[in-house]
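Visitor: There's a structure below that I have some questions on.
2 protein chains.
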Amino acid sequence: MARDMTLLWGSGSPPCWRVQIALEEKNLQGYNQKLLSFEKMEHKSQEVLDINARGQLPSFKHGDVIVNESYAACFYLESQFKSEGNKLIPDSPAEQALVYQRMFEGVTFYEKLNAVIYYDWFVPEGERHDSALKRNREALATELKLWEGYLQKLSPGSHLAGQFFSLADVTVFPTVATLFRFGLSAEHYPNLGEYYALLKVRPSIKASWPPHWLENPKGQDTLKDI
Amino acid sequence: MARDMTLLWGSGSPPCWRVQIALEEKNLQGYNQKLLSFEKMEHKSQEVLDINARGQLPSFKHGDVIVNESYAACFYLESQFKSEGNKLIPDSPAEQALVYQRMFEGVTFYEKLNAVIYYDWFVPEGERHDSALKRNREALATELKLWEGYLQKLSPGSHLAGQFFSLADVTVFPTVATLFRFGLSAEHYPNLGEYYALLKVRPSIKASWPPHWLENPKGQDTLKDI
Chain A
1 MARDMTLLWG
11 SGSPPCWRVQ
21 IALEEKNLQG
31 YNQKLLSFEK
41 MEHKSQEVLD
51 INARGQLPSF
61 KHGDVIVNES
71 YAACFYLESQ
81 FKSEGNKLIP
91 DSPAEQALVY
101 QRMFEGVTFY
111 EKLNAVIYYD
121 WFVPEGERHD
131 SALKRNREAL
141 ATELKLWEGY
151 LQKLSPGSHL
161 AGQFFSLADV
171 TVFPTVATLF
181 RFGLSAEHYP
191 NLGEYYALLK
201 VRPSIKASWP
211 PHWLENPKGQ
221 DTLKDI
Chain B
1 MARDMTLLWG
11 SGSPPCWRVQ
21 IALEEKNLQG
31 YNQKLLSFEK
41 MEHKSQEVLD
51 INARGQLPSF
61 KHGDVIVNES
71 YAACFYLESQ
81 FKSEGNKLIP
91 DSPAEQALVY
101 QRMFEGVTFY
111 EKLNAVIYYD
121 WFVPEGERHD
131 SALKRNREAL
141 ATELKLWEGY
151 LQKLSPGSHL
161 AGQFFSLADV
171 TVFPTVATLF
181 RFGLSAEHYP
191 NLGEYYALLK
201 VRPSIKASWP
211 PHWLENPKGQ
221 DTLKDI
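Listed in order, the protein sequences are those of chains A and B. Residue 72 in full-length UniProt numbering sits at position 72 of the first sequence, with consecutive numbering throughout. Residue 119 in full-length UniProt numbering sits at position 119 of the second sequence, with consecutive numbering throughout.
Quick look at the structure:
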């Protein structure tokens, strides 16, 4: 199965990491993979464009089936390999609803993170405003408080949508890890800190930890005061 | 079933419209609903905040289960009412992959649309730049060409992920309708124009057409030259 799969990915990209975690959770180790460099613009190479007209990573192929969007690949893998590895979407209506709800709030969470840590990358020099960056930081702080509250309502040691690990964790954990990589304080956000500590030792996550984070364990301090 | 459901929504909001179409497709007419006014800031009312901490529409409740994110609600409805109404996620791996892929590309499509038509709303006056709006318009044009190409590859009269109507149409059609509401030219984008003409008469879509568009059929011409 896994031998029919190819993943083109970049280190430290949350969307790529989601697909890698999903593949690990579904016991699909052994897939073909190629680590490409964003710095060298390899995501715009012909190899990527052949699969992905957007020139983005992840690019993912299973046999003749192409599913590049990270959430799409996660849904696809869970649906096609339902009985392999860990079940990532629960059956109970209430549990399932919470998994979906947190997954899609996760899209907003990720955008608000990017609007702060990649502000200079997204906004050309002549268009930057301190007032905009300040507003983005405030929006991220508001978002962080929401997630801190979500975790507060669950019992200690819970995952994002309850006791079990789910697609909500697959899709949102890479955002949480990136927050801490960029200096988020576990003292300011103790529930997120606990969640991060719980999941970073999970086998699927350890196995897919961004290699350049391993090589250079010190991140940045962009978010330390948030 | 539908009597246990409540939808709080706003007219012309693509995320609200997605949920309304999904409810129609799953034959869940008769749900409780309340049309709220964004202009009057009713999405920040206590009634909404009680269900949705973000103060956003749609806000959706089924019994005690709350699923506010529009994509989450669509997945939830399809999963919980699989055998009711129309099947919105196909079983075949290739068809399913394409539905998921287009759904999540649809998130980008919607963002690129908003970055043009709501630029002044998102960006405070002192931070606006003609260069940014021009770039956003170019990004939208590039995105439109992608979708025009996707439709070109399918046979005439197809839906977004093939011959059948699916969650890809549920989630992306409201974006397409908004494009035409804001003046997109069907001459410039004939495949999107044909798709729009095909779907706007579909019963689920007619039944949920934004009431303020019906009252005032003339839209804007923001996108006429794109």
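Heads up, the beta-carbon is just placed ideally off N, CA and C, and yes, glycines get one too.
Listed in chain order, which residues of the region 42-55 of chain A have Cβ atoms closer than 8 Å to some Cβ of chain B?
Guide: 53 and 54
Visitor: By the 9 Å beta-carbon criterion, what residues does the region 93-105 of chain B contribute toward chain A?
Guide: 93, 94, 96, 97, 98, 99, 100, 101, 102, 103, 104 and 105
Visitor: Can you list, in chain order, the residues of its chain with a C-beta nearer than 6 Å to that of residue 186(A)? Leave out the 5 residues immediately preceding and following it.
Guide: 193
Visitor: Using beta carbons (cut-off 8 Å, strictly below), is residue 127(B) in contact with chain D?
Guide: Considering every chain present, this structure includes no chain D. Its protein chains are A and B.
Visitor: I need the DSSP call for residue 200(B), collapsed to helix, strand or coil.
Guide: coil
Visitor: Going by DSSP, name the residue or residues bridged to residue 121(A).
Guide: DSSP lists no partner for residue 121(A).
Visitor: Against chain B, which members of the region 69-81 of chain A pass a CB distance test of less than 7 Å?
Guide: 69, 71, 72, 75, 76, 79 and 80
Visitor: For the beta strand (DSSP E) containing residue 30(A), list its first residue and its last residue.
Guide: Element bounds for residue 30(A): n/a, residue is neither H nor E.
Visitor: Just verifying my parser: in three-state terms, what is the DSSP assignment at residue 65(B)?
Guide: strand
Visitor: So, are the CB atoms of residue 154(B) and residue 162(B) less than 8 Å apart?
Guide: yes
Visitor: Roughly how far, in whole angstroms, is the beta-carbon of residue 208(B) from the beta-carbon of residue 17(B), given that I think they are within contact range, below 8 Å?
Guide: 6 Å
Visitor: Have a look at 148(A), 158(A) and 109(A) and flag the residue whose alpha-carbon is nearest the alpha-carbon of residue 137(A).
Guide: With distances taken between Cα atoms, residue 137(A) lies closest to 109(A).
Visitor: Would residue 69(A) and residue 26(A) qualify as a contact pair, given that the criterion is a beta-carbon distance under 8 Å?
Guide: no
Visitor: Find out if the Cβ-Cβ distance for the pair residue 58(A), residue 178(A) is shorter than 8 Å.
Guide: no
Visitor: Using the Cβ count rule (16 or more neighbours within 10 Å means buried), how would you classify residue 165(A)?
Guide: Residue 165(A) is buried by the Cβ-count criterion.
Visitor: For residue 213(B), report the span of its beta strand (DSSP E) as first-last.
Guide: It is not in any beta strand (DSSP E) - residue 213(B) instead sits in the alpha helix (DSSP H) that spans 211-215.
Visitor: Can you give the beta carbon distance from residue 173(B) to residue 146(B), rounded, assuming they're within the 8 Å contact cut?
Guide: No, residue 173(B) and residue 146(B) are not in contact; Cβ-Cβ is about 16 Å, not under 8 Å.
Visitor: Taking 8 Å as the cut-off, decide whether the C-beta atoms of residue 12(A) and residue 217(A) are in contact.
Guide: no
Visitor: Going by the beta-carbon positions, is the gap between residue 170(A) and residue 21(A) smaller than 8 Å?
Guide: Cβ atoms of residue 170(A) and residue 21(A): closer than 8 Å.
Visitor: Starting from the C-beta of residue 232(B), find all residues in its chain whose C-beta is less than 6 Å away, skip the five residues before and the five after it, and write them out in chain order.
Guide: This structure leaves residue 232(B) out entirely; chain B is present only between 1 and 226.
Visitor: So, is the C-beta of residue 65(B) closer than 8 Å to a C-beta in chain A?
Guide: yes
Visitor: For a quick check, are the C-beta atoms of residue 72(B) and residue 104(A) less than 8 Å apart?
Guide: Between residue 72(B) and residue 104(A), the gap from beta carbon to beta carbon is short of 8 Å.
Visitor: Between which two residues does the beta strand (DSSP E) holding residue 252(B) run?
Guide: Nothing about residue 252(B) can be read from this structure; chain B reaches only from 1 to 226.
Visitor: So residue 143(A) and residue 112(A) are in contact, right, with Cβ under 8 Å, and what is the actual spacing, rounded?
Guide: With a Cβ gap of about 5 Å, residue 143(A) and residue 112(A) count as contacting.
Visitor: Please report whether the beta-carbon of residue 170(A) lies at a distance below 8 Å from any beta-carbon of chain B.
Guide: no
Visitor: Residues in its own chain within less than 7 Å of residue 43(A) by CB, not counting five upstream and five downstream?
Guide: 10, 36, 55, 56 and 57
Visitor: As an exercise, report each continuous alpha helix (DSSP H) stretch of at least 4 residues that is fully enclosed by the region 105-190 of chain B, in chain order.
Guide: 119-122, 130-153 and 167-181
Visitor: Consider the Cβ of residue 158(B): report whether some Cβ of chain A lies at a distance smaller than 8 Å.
Guide: no
Visitor: Is it buried or exposed, residue 181(B), if we count other Cβ atoms within 10 angstroms and call 16 or more buried?
Guide: buried
Visitor: Who are the Cβ neighbours of residue 86(B) in its own chain at under 6 Å, not counting the five residues just before and after it?
Guide: 25
Visitor: Alpha carbons only, please: which of 46(B), 175(B), 126(B) and 221(B) is nearest the one belonging to residue 196(B)?
Guide: 175(B)
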